[in-house]
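First the structure, in the form of structure tokens, and then the observations on it.
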Amino acid sequence: MSKLIPLMLIMLLICSYSTATYGDGLVVDKVYHPYVLANEQEVEWRFMSSQTDTYNRLGQRLGYGRSLSDTFAIDVYLIGHRDDNLDFGLSAYEIEGRWMLTEQGQYWADWGMLFEVEKKYRTNDWEVTTGFIAEKEFGKSSLTVNFFIVQEWGDNIPTEMETEFRLKYRYRFMPEVQPAFEVYSGEDFFGLGPAFMGIHRFEGQKQLKWELGFISEVSHSGKDHTLRFALEYEF
Amino acid sequence: MWSNLLNKILTQLLLVSFLILSTEIEAADNTYYLVIENHVFKPSVIEIPPNKKVKLVIHNKDKLPEEFDSFDLNREKVIFAGKKSTIYIGPLPAGEYYFIGEYHPVSAQGKVLIKELKNAD
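Protein sequence lines correspond, in order, to chains A and B.
Going by this note's numbering, the first sequence opens with residue 900, and the numbers climb by one from there.
Going by this note's numbering, the second sequence opens with residue 884, and the numbers climb by one from there.
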């Protein structure tokens, strides 16, 4: 872990002093946890709908993932958005890697990294994301933070670098119902709100995870609310 | 827009956090051992002191993998057949914390009993 500290600091410094940029996607998505479980496969559906005073944004993701070792997992996603003509369709595809850097509970906090490469459907537009994930347990509560650096370029989007910050406070009340509070920041957006997550176990490694959140943008006047939910079946 | 300012502040806070949190605090000097044999945890009850971080080394002697799973302890880990694996627990207050082997939940059950130990330091 200590060998990674200079790399972490350099990346954070770069992004700390980069100019403010404005992106084009939905910031509210999901707060990642820094853990990978060996022998695991998953299919996932994420839904994000945000309503402003003038329009509605809709985003959905379908994904499949599997762990390649007890510390690294890979996921692929099909991403759909509602376009300017109000038609919903495939807008991008993505490959994602999650790397568990530390054993859960070994250090003061648990650490992981995230790598994503996204290509827009039918256009030569790209987005690469690198991020750190950290989680700290406090008894039955846990605090999870995600910090992402997003680089975008292509034929139809300006070359730019963005930063995103996500936070989740979770109380492990019972497996099926775990209340949470989430914060999302990035792309000229700062939103927060309540969330719930839960898990239902079937036999063996089969389990269904669900997440539901309602995030309100608070830095601008006017309405900007996002409802998000995710279903994840692990097997 | 003050959302940009907030984003900058959060970034700076995270930078400082990295400096602090990246310090390696090696958890446990207390190590406990658990064996999985015939899809049963042995011993099935482990007593550890309260408010201390401990290291639990699990040796799976079976020919099939097992998954240590505990909502109470917030731990989930696959232990491959014939291999040893380490789980870090705590610090936690006194109480009973149940765990199962997710692949054989009927036979593989146990609990961590956290209480003041008479011979503890």
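Even glycine gets a Cβ: it sits at the ideal position worked out from N, Cα and C.
None of the values given here were measured: they were computed from a predicted structure.
Simplified DSSP assignment, three categories, for residue i
{"i": "L1091/A", "result": "strand"}
{"i": "Y854/A", "result": "The first residue shown for chain A is 900 and the last is 1134, placing residue 854/A beyond what the model contains."}
{"i": "F987/A", "result": "strand"}
{"i": "I926/B", "result": "Reading off the sequence, residue 926/B comes out as Pro, not Ile. Of the three classes helix, strand and coil, the one that applies to P926/B here is coil, per DSSP."}
{"i": "Q940/A", "result": "strand"}
{"i": "F1037/A", "result": "strand"}
{"i": "G922/A", "result": "Below a pLDDT of 50, predicted positions are generally treated as unreliable, and G922/A, at 42, falls in that range; no measurement from the model is reported."}
{"i": "Y1020/A", "result": "coil"}
{"i": "L956/B", "result": "coil"}
{"i": "L957/A", "result": "strand"}
{"i": "S968/B", "result": "strand"}
{"i": "A910/B", "result": "Low local confidence applies: a pLDDT of 47 at A910/B is under 50, so the model's placement there is unreliable, and no value is given."}
{"i": "T1058/A", "result": "coil"}
{"i": "H1124/A", "result": "strand"}
{"i": "D945/B", "result": "coil"}
{"i": "H987/B", "result": "coil"}
{"i": "V930/A", "result": "coil"}
{"i": "Q1050/A", "result": "strand"}
{"i": "Q1077/A", "result": "strand"}
Per-residue contacts from residue i into chain B (C-beta, under 9 angstroms)
{"i": "A972/A", "result": "Here the premise fails: no neighbours, minimum Cβ distance about 12 angstroms."}
{"i": "E943/A", "result": "Those do not exist, as E943/A stays about 17 angstroms from chain B at its closest Cβ, beyond 9 angstroms."}
Inter-residue spacing [alpha-carbon to alpha-carbon] between residue i and residue j
{"i": "E1133/A", "j": "R1127/A", "result": "20 angstroms"}
{"i": "I970/B", "j": "E959/B", "result": "9 angstroms"}
{"i": "Y1020/A", "j": "W1109/A", "result": "28 angstroms"}
{"i": "F924/B", "j": "F1072/A", "result": "26 angstroms"}
{"i": "L956/B", "j": "G962/A", "result": "29 angstroms"}
{"i": "G1103/A", "j": "D983/A", "result": "45 angstroms"}
{"i": "P926/B", "j": "Q992/B", "result": "10 angstroms"}
{"i": "E949/B", "j": "K936/B", "result": "23 angstroms"}
{"i": "W1052/A", "j": "K998/B", "result": "57 angstroms"}
{"i": "Y986/B", "j": "T1058/A", "result": "49 angstroms"}
{"i": "G958/A", "j": "G979/A", "result": "6 angstroms"}
{"i": "A1094/A", "j": "A1079/A", "result": "5 angstroms"}
{"i": "V927/A", "j": "M1096/A", "result": "15 angstroms"}
{"i": "G1011/A", "j": "A937/A", "result": "15 angstroms"}
{"i": "G1092/A", "j": "R997/A", "result": "26 angstroms"}
{"i": "P988/B", "j": "F951/B", "result": "10 angstroms"}
{"i": "A1008/A", "j": "D986/A", "result": "43 angstroms"}
{"i": "F1113/A", "j": "R956/A", "result": "14 angstroms"}
{"i": "F1047/A", "j": "L1066/A", "result": "12 angstroms"}
{"i": "H1119/A", "j": "I1056/A", "result": "24 angstroms"}
{"i": "G1121/A", "j": "S1084/A", "result": "17 angstroms"}
{"i": "L1167/A", "j": "K1001/B", "result": "Residue 1167/A lies beyond the stretch modelled for chain A, which goes from 900 to 1134, so this question has no answer here."}
{"i": "R960/A", "j": "A977/B", "result": "43 angstroms"}
{"i": "K938/B", "j": "Q940/A", "result": "28 angstroms"}
{"i": "F982/B", "j": "V1044/A", "result": "27 angstroms"}
{"i": "S1115/A", "j": "E1081/A", "result": "10 angstroms"}
{"i": "V1016/A", "j": "M999/A", "result": "18 angstroms"}
Per-residue contacts from residue i into chain A (C-beta, under 7 angstroms)
{"i": "I972/B", "result": "G1004"}
{"i": "V961/B", "result": "L936, A937, N938, D969"}
{"i": "E950/B", "result": "Q1104"}
Contact belief for residue i with residue j at Cβ below 8 angstroms, rounded distance in angstroms
{"i": "G984/B", "j": "H942/B", "result": "Going by Cβ atoms, the distance from G984/B to H942/B rounds to 13 angstroms, so no, they are not a contact pair."}
{"i": "P933/B", "j": "L996/B", "result": "Not quite, the Cβ-Cβ distance comes to about 10 angstroms (not below 8 angstroms), so this is no contact."}
{"i": "V928/B", "j": "K994/B", "result": "6 angstroms"}
{"i": "L1013/A", "j": "I1032/A", "result": "6 angstroms"}
{"i": "D969/A", "j": "V935/A", "result": "7 angstroms"}
{"i": "T951/A", "j": "D1123/A", "result": "5 angstroms"}
Under 7 angstroms by beta carbon: chain B residues contacting residue i
{"i": "G1140/A", "result": "An answer regarding residue 1140/A cannot be provided, because it is not within the stretch 900 to 1134 covered by chain A."}
{"i": "P933/A", "result": "Ordered by position in chain B, no residue passes the 7 angstroms Cβ test against P933/A, which lies about 12 angstroms from the chain."}
Contact list for residue i against chain A, beta-carbon separation under 8 angstroms
{"i": "T914/B", "result": "What T914/B touches in chain A: nothing, since even the nearest Cβ is about 13 angstroms away."}
Where residue i meets chain B, residues with beta-carbon distance less than 8 angstroms
{"i": "R1071/A", "result": "F954, N957"}
{"i": "V1074/A", "result": "In the sequence on display, residue 1074/A carries Pro and not Val. What P1074/A touches in chain B: F954."}
{"i": "E1036/A", "result": "N957"}
Paired residues, beta bridge with residue i - DSSP
{"i": "F971/A", "result": "W998/A"}
{"i": "G1097/A", "result": "W1109/A"}
{"i": "K846/B", "result": "Absent from the structure is residue 846/B, since the part of chain B shown begins at 884 and ends at 1004."}
{"i": "K938/B", "result": "T914/B, Y971/B"}
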